[in-house]
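J.:
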Amino acid sequence: MQAYKNFKLIDVKNEKVISDAILIIEDGKFKRVGSNFDVPDDAEVCDLEGQTVIPGIIDAHIHSLSDASNDPHQQRENENDALTVIKAEHALQKALKAGITYVRDLGGCNYYDLGLREAEKKGFLKGPRMQVAGKLITMTGGHGYRMGREADGIGDVRKAAREQLKAGVDVVKIMATGGVMTEGVEPGSPQLSLKEMRAAVEEAHKAGKKTASHAQGTIGIQNAIKAGIDSIEHGIFLDKKTVEMMIEKGTFLVATLVAPYWIVEYGVENGIPAYAVEKAKKVINSHHASFKLAQQSGVKIAMGTDAGTPFNKHGKNTYELKLMVKAGMSPMKAIKASTLGGAELLGIKEEYGSIEEGKYADMVVIKGDPHENIEDIFEVVAVYKSGEKVM
Ligand SMILES: [Zn+2]
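Position one of the sequence shown corresponds to residue 361 (our numbering), numbered consecutively onward.
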C-alpha cells in the first residue's frame, strides 16, 4: 500500500481542486482519495511537496506508426517495416513521458498497431495503454487511402468493417470527407456516403465497438452524425445546426487543433508537401472557430492530437491543451477533456479517466499547477500506471 500526501489533486469529475490531498493506492488502484484523514500505519508514504496530481492523460487520436517527419506517407512506404515498428515504440515511450497513459491509435498500417497494443499489455513495450483502429476505411482514392482499406458501396464498406473487427480492433475508423494530408482531395468535400457509413457503424456497434470518423467539411460531418458515429475527428467546418445535431446525439468532438498548427508553423521550407501546407493554411481559422463554437455550446469534447502528422511529434501531445485554452476553454475543462472526456469516448470511464476510488491508479505528477497555468502541463515530474512509477 502506498500513500501520497501534501499535494494538490485535480478532481476532474467535480471540476475542483483538493488542496493538501491524500491518496492511498493498493493493488494498482486508488483505494482512498481526499484530505484530512489518517494514513494507515502500514503504508509506504511519499511526500509530493506541493506538486499537483492529475489523472493519466488520454490522447484519443494518434498515429503511432507515423513518425511526424515532413512526409509520413513517404516514410512508411519507403522504410523497412521493422524500423517503422521500432520507431513507433519510441514514439509511444515519448508520449508516456509527457503524461499520456492511454492512447487511441486511429489508423496504422498492416495491423502493426494491434501488435503494439499486445506488446504493451504483455509488458514488452513501455508505453501508454492502447486502443487501435487497424486499417481506416475510405472510398477508393479517398482520404488516407495509402494507409487504409479502400471500400465502395454499402456491402463493401460493411465487409471492410467486419474485416477490422475480425482482426481485433477496438474502434472502426471511417472517412467522411477529404483531408489535408492526401494530395488531390478537398477537406470540405464529402466522401463515404451516409448509407455506406451507416453500414460500418452498424457492424461496429453490433460487436460492441466504437466508431470514429475523420470529418472536416460540414456535409460530411452531418452524414457521420446521422450514421450514428461516436466521434467527429477534426470537425473543421462546424456550424450551429451541426453542433446542435452533435449535442442531441451525444457525439464527441476530437478537434486535433495541433495537426494543422504544426503544418503551418513548419511549412514547405521544412519539406512538408506544398498541397498539405496550402490546405492547412486554408482551414486553420475555421478549425479554431469551430472548436470554440462546439465547446461553448456544450458539445462533448475529448482531447486528441493526430500525433504523427508532419512535425506533430509524439511526446508533444499536451501542446493540444495549450491550444484548447487559447481557443477559449478553461484549463480545468481542457484537463477534463484530456482525462475523463477521453475515458468516456473510449468506453473506459468506469476504470480510467479520473482519480476516484476503485479506478486504476494512472496519474501524472506535475510541478506547478496546470489548472492555474496550462503551460505547467509540460512540467511532468512522474507518470504512474496502475500505481507503478513508469516515468
Ligand atoms: Zn489522424
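Backbone N, C-alpha and C fix where the C-beta goes; we use that ideal spot for every residue, glycine too.
Note that the structure is a prediction, hence the values are computed from the model and not measured.
Roughly how many angstroms lie between the CA atoms of K693 and E375, to the nearest whole one?
T.: Between K693 and E375, the C-alpha separation is close to 8 Å.
J.: For T669, list the residues DSSP reports as bridge partners.
T.: DSSP lists A667 as partners of T669.
J.: On the DSSP bridge assignment, give the partners of S573 in chain order.
T.: DSSP, once it has assigned bridges, lists I534 and I592 as partnering S573.
J.: Taking only runs of the alpha helix (DSSP H) that begin and end inside the stretch 490 to 565, which ones reach a length of at least 4 residues, in chain order?
T.: Complete alpha helix (DSSP H) runs here, min 4: 514 to 527.
J.: Rounded to whole angstroms, how far is the Cβ of L552 from the Cβ of M535, which I believe are closer than 8 Å?
T.: So it is a contact: roughly 6 Å between Cβ atoms.
J.: By DSSP, does I623 sit in helix, in strand, or in coil?
T.: It is helical.
J.: Count the other C-beta atoms from every protein chain shown that fall within 10 angstroms of the C-beta of V634, then say buried if there are 16 or more, exposed otherwise.
T.: Sequence inspection shows Ala at residue 634; the Val mentioned does not correspond to that position. Result: exposed.
J.: Here's the rule I'm using: 16 or more other beta-carbon atoms within 10 Å means buried, otherwise exposed. How should G639 be labelled?
T.: First, the amino acid is wrong: residue 639 is Lys here, not Gly. Looking at its Cβ environment, which holds 16 or more other Cβ atoms inside 10 Å, K639 is buried.
J.: Suppose contacts are defined by Cβ-Cβ distances below 9 Å. Is A667 in contact with N677 by that definition?
T.: It is a contact, given that the beta carbons lie within the stated cut-off.
J.: Should A448 be counted as a contact of ligand 1 given a C-beta to heavy atom distance under 8 Å?
T.: Incorrect: A448 has no Cβ contact closer than 8 Å to ligand 1.
J.: How would you write the range of the beta strand (DSSP E) that V405 sits in, first residue to last?
T.: Its beta strand (DSSP E) spans residues E404 to D407.
J.: Please determine whether the Cβ atom of T542 lies at a distance below 8 Å from any heavy atom of ligand 1.
T.: No - ligand 1 has no heavy atom lying nearer than 8 Å to the Cβ of T542.
J.: Per DSSP, what kind of secondary structure is E716 in: helix, strand or coil?
T.: DSSP places E716 in coil when its eight states are reduced to three.
J.: Any contact between the stretch 398 to 417 and the stretch 704 to 720? By contact I mean 3 or more CB pairs, one from each, below 8 Å.
T.: Cβ pair count under 8 Å is three or more, so yes.
J.: Say whether the stretch 385 to 396 touches the stretch 426 to 433, bearing in mind that this needs 3 or more beta-carbon pairs closer than 8 Å, one atom from each stretch.
T.: No, the stretch 385 to 396 is not in contact with the stretch 426 to 433.
J.: Does the distance between the C-beta of A304 and the nearest non-hydrogen atom of ligand 1 fall short of 8 Å?
T.: As displayed, the chain neither begins before 361 nor continues past 751, which places residue 304 out of reach and without an answer.
J.: Does the beta-carbon of F671 have 16 or more other beta-carbons within 10 angstroms, so that it is buried, or is it exposed?
T.: By the neighbour-count rule (16 or more Cβ atoms within 10 Å), F671 is buried.
J.: Looking at the strands, I want to know which residues DSSP matches up with F612.
T.: Bridge partners of F612: S591 and K660.
J.: So what does DSSP say about M723, is it helix, strand or coil?
T.: If DSSP states are grouped into helix, strand and coil, M723 belongs with the strands.
J.: Is there contact here, the stretch 463 to 477 with the stretch 394 to 410, by at least three beta-carbon pairs under 8 Å?
T.: Because the criterion of three Cβ pairs below 8 Å is not met, the stretch 463 to 477 and the stretch 394 to 410 do not touch.
J.: With the cut-off set at 9 Å, would you say V492 and D465 are in Cβ contact?
T.: Contact flag set, yes.
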